[in-house]
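**Student:** Start counting the sequence shown at 155; every next residue gets the next number (this note's numbering). Note that the Cβ used here is the ideal one computed from N, Cα and C, for glycine as well. Pasting a structure below so you can have a look.
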Amino acid sequence: MNLLAKALPVRPVYREVLADLETPLTAYLKVAGHPSFLLESVEQGERIARYSFIGTGVRRKLTARGRQVTVSTPQGTAVLTTGDPLRALWDLTVRETQDDPRLPSFWTGAVGYASYDLIRCYENLPDANPDELKVPDLLFIEPEALIIVDHLKRRLFIVAPAEVGNAADEQAAQALVDALYQRLRGPLPGVPGDRSGRRTEFVSNFTPEGYKAAVGRAVAYIQAGDAFQVVPSQRLSAELGVHPFAIYRALRVVNPSPYLGYLDLGPVTLVASSPESLVRSDGVWVETKPIAGTRKRGPNPQEDERLAQELLADAKERAEHIMLVDLGRNDLGRVCQYGSVAVSELMHIERYSHVMHIVSTVRGRLALGKTPLDALSSTLPMGTASGAPKVRAMQIIDELEPTRRGPYAGAFGYLSASGAMDMALTLRTAVITGGKIHLQAGGGVVADSDPEFEYQESMNKLAALVKAVEMATEGLS
């Protein structure tokens, strides 16, 4: 078998069932193996969060460390010589599909993450910092089957792809769908969440004074004209004392977010509660949504609206937001047709359960020969997690931070076999590997930033993750 051969056209083999008594979490626990994943949203502001996705089994896994790409299947392993990890992911995942109108565009494809450090394959950046996490720069799995929960219609779809015209493959897909249906009908297995019996002690890769000094150096670079903004961060690490899924259960309560994910990918697990999309595409059009500017929600509609208008009138928040919109236009302009990039929504308020944000939408039509993954490489990392100008800000970050970032400030999400893509920014995310848990956060530094304030801001952003770990450690009822 040629592991690198272009996949044949596929169609969905599926079963539709009522989902009024099943939740994404219970469905995941009934069918999940190792590796597996759960993508969901429990917070979409004023929009409907329609689908949750559960992946089980592995048809193929793609990993990249630098430019070395490895492809693994149950039949064996092969190493690619492409030198372009995202191109390899596209070539191996995207194929002709016979879509079904009852299913979303993502009914088969690949799920995983692209790390912050993957950008070193596409930009001229130093790479001298130690890699303490030692996880792949890119890791995606193509599941054997998807469980799709349609929250709008309260239906659940069990879907497996089958090669068109291949009777044996269609029979195997149907058998897999039937087996998963029986598992969903069965009892709920043991739920991870028992108390660990010991307190989690986090240690930062900075001392408080060291982080403040790094902020001071960033301010000096900005005042010297090297950059407009730099986003340094710190990492908290600890021995893992509880099941990662218990942390996910706690995190979705503590910090409900538009992009929630539990990605058990083998060598690394991501427990994610991201507030924002990095880039998404239907295969033709691509969009990025800069978020900058935050206020807490008001206790009543009148106060809520007052806070929204106050946020929109804040000159500093507006200036930072416009800078990120311009950065998004530039990023998409590198891969889109000339003249097609436009700001479709500028500086509107999106409300969530606890906070509101200023959000804009930048859209463009992909240029001939460009794919959604080209848009991913051009937008990675988001300006909110790096700075501007982006490359110079990343060079400064490499100088200020003591280690490679790994998955933090990269992206996670899916690439469908039809070429649609939705990737969220990897923020508010726990990275679990080698028996340890790692949390990371930072903040945007500008010319007049105060190091003490920035240190506290980074700790505040870590608070929800730390609280989720503490809840899981103490036990979930």
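Locate the beta strand (DSSP E) running through residue 501, then write down its first and last residues.
**Tutor:** First-last of the beta strand (DSSP E) with residue 501: 496-505.
**Student:** Could you have a look at residue 397 and say whether DSSP puts it in helix, strand or coil?
**Tutor:** coil
**Student:** I need the DSSP call for residue 244, collapsed to helix, strand or coil.
**Tutor:** helix
**Student:** Please report the Cβ distance between residue 519 and residue 549, rounded to the nearest whole angstrom; I am assuming they are in contact, meaning their Cβ atoms lie under 8 Å.
**Tutor:** Between residue 549 and residue 519 the Cβ distance is about 31 Å, and since that is not below 8 Å, they are no contact.
**Student:** Pair every Cβ in the region 574-584 with every Cβ in the region 597-608, then say whether three or more of these pairs are closer than 8 Å.
**Tutor:** no
**Student:** Determine the closest residue to residue 273 out of 544, 484 and 618, with distance taken between C-alpha atoms.
**Tutor:** 544
**Student:** For residue 296, does the three-state DSSP call read helix, strand or coil?
**Tutor:** Three-state DSSP puts residue 296 in a strand.
**Student:** Would you kindly check if the distance between the Cβ of residue 512 and the Cβ of residue 481 is under 8 Å?
**Tutor:** The answer is no: Cβ separation not under 8 Å.
**Student:** Measure the Cβ-Cβ separation of residue 181 and residue 400 and say whether it is below 8 Å.
**Tutor:** no
**Student:** According to DSSP, is residue 413 part of a helix, a strand, or is it coil?
**Tutor:** Strand at residue 413.
**Student:** Ignore the nearest five residues each way along the sequence and tell me which others in residue 224's own chain have a CB closer than 7 Å to its CB.
**Tutor:** Only 217, 231 and 233 meet the Cβ criterion.
**Student:** Counting only the same chain and skipping the five closest in sequence on each side, list residues whose C-beta sits under 6 Å from that of residue 535.
**Tutor:** 270 and 563
**Student:** Where does residue 251 land, buried or exposed, given buried means 16+ other C-beta within 10 angstroms?
**Tutor:** buried
**Student:** Let me know the secondary structure DSSP gives residue 613 once reduced to three states.
**Tutor:** Helix.
**Student:** Bridge partners of residue 305, per DSSP?
**Tutor:** Beta-bridge pairing links residue 305 to no other residue.
**Student:** Once DSSP output is grouped into helix, strand and coil, what is the label at residue 607?
**Tutor:** It is helical.
**Student:** Taking 8 Å as the cut-off, decide whether the C-beta atoms of residue 494 and residue 515 are in contact.
**Tutor:** no
**Student:** Are the region 397-413 and the region 429-436 touching, with three or more C-beta to C-beta distances below 8 Å?
**Tutor:** yes
**Student:** Going by DSSP, what residue range makes up the beta strand (DSSP E) through residue 447?
**Tutor:** 445-450
**Student:** Tell me which same chain residues have a C-beta within less than 6 Å of the C-beta of residue 296, skipping the five on either side of it?
**Tutor:** Contacts found: 213, 214 and 264.
**Student:** Under three-state DSSP, which class holds residue 223?
**Tutor:** strand
**Student:** Out of 526, 496, 591 and 446, which one is the CA nearest neighbour of residue 538?
**Tutor:** 446
**Student:** Please state if the CB of residue 220 and the CB of residue 291 are separated by a distance shorter than 8 Å.
**Tutor:** yes
**Student:** At 3 residues or longer, and completely inside the region 339-398: list those beta strand (DSSP E) runs for me, N to C.
**Tutor:** 387-393
**Student:** Is there contact here, the region 330-343 with the region 376-388, by at least three beta-carbon pairs under 8 Å?
**Tutor:** no
**Student:** Alpha carbon to alpha carbon, how far is residue 607 from residue 471? Give it in angstroms, no decimals.
**Tutor:** 16 Å
**Student:** Determine the direct distance from the alpha carbon of residue 489 to that of residue 529, and round the result to whole angstroms.
**Tutor:** 6 Å
**Student:** By how many angstroms is the C-alpha of residue 365 removed from the C-alpha of residue 238?
**Tutor:** 34 Å
**Student:** Contact defined as beta carbons within less than 8 Å: I believe residue 547 pairs with residue 327. What is the distance between those atoms, to the nearest angstrom?
**Tutor:** In fact, because the Cβ distance is near 47 Å, the residues do not count as touching under 8 Å.
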